[in-house]
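In the numbering used here, the protein residues as written are 103 to 158.
Every residue gets a Cβ at the ideal spot worked out from N, C-alpha and C, and that includes glycine.
What follows is one structure encoded as structure tokens, with my remarks underneath.
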């Protein structure tokens, strides 16, 4: 059985966007204190990485 690809983490997305993990978390939680440009970039990267939040 082939190994499944490693799931992207908030840290992976944050590093790619050049922002903090807290900023990625704010985007995921729909907080308003993230600039539209940063929000758009993070959302794009979340989609690119097929990010799925862990259950819980």
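Taking all protein chains shown into account, decide if residue i is buried (16 or more other Cβ within 10 angstroms of its Cβ) or exposed.
| i | result |
| --- | --- |
| residue 144 | buried |
| residue 154 | exposed |
| residue 115 | buried |
| residue 139 | exposed |
| residue 106 | Its pLDDT being 47, under 50, residue 106 is placed unreliably by the model, and the measurement read from it follows with that caveat. Looking at its Cβ environment, which holds fewer than 16 other Cβ atoms inside 10 Å, residue 106 is exposed. |
Rounded C-beta distance between residue i and residue j? I'm assuming under 8 Å.
| i | j | result |
| --- | --- | --- |
| residue 110 | residue 151 | 4 Å |
Does the beta-carbon distance from residue i to residue j come in below 8 Å?
| i | j | result |
| --- | --- | --- |
| residue 124 | residue 147 | no |
The alpha helix (DSSP H) spanning residue i covers which residue range?
| i | result |
| --- | --- |
| residue 116 | 112 to 119 |
**OP:** Quick one: which unbroken alpha helix (DSSP H) runs of 4-plus residues sit fully inside the stretch 129 to 154? Chain order, please.
**Re:** With a minimum length of 4 residues, the continuous alpha helix (DSSP H) runs that stay inside the stretch 129 to 154 are 138 to 150.
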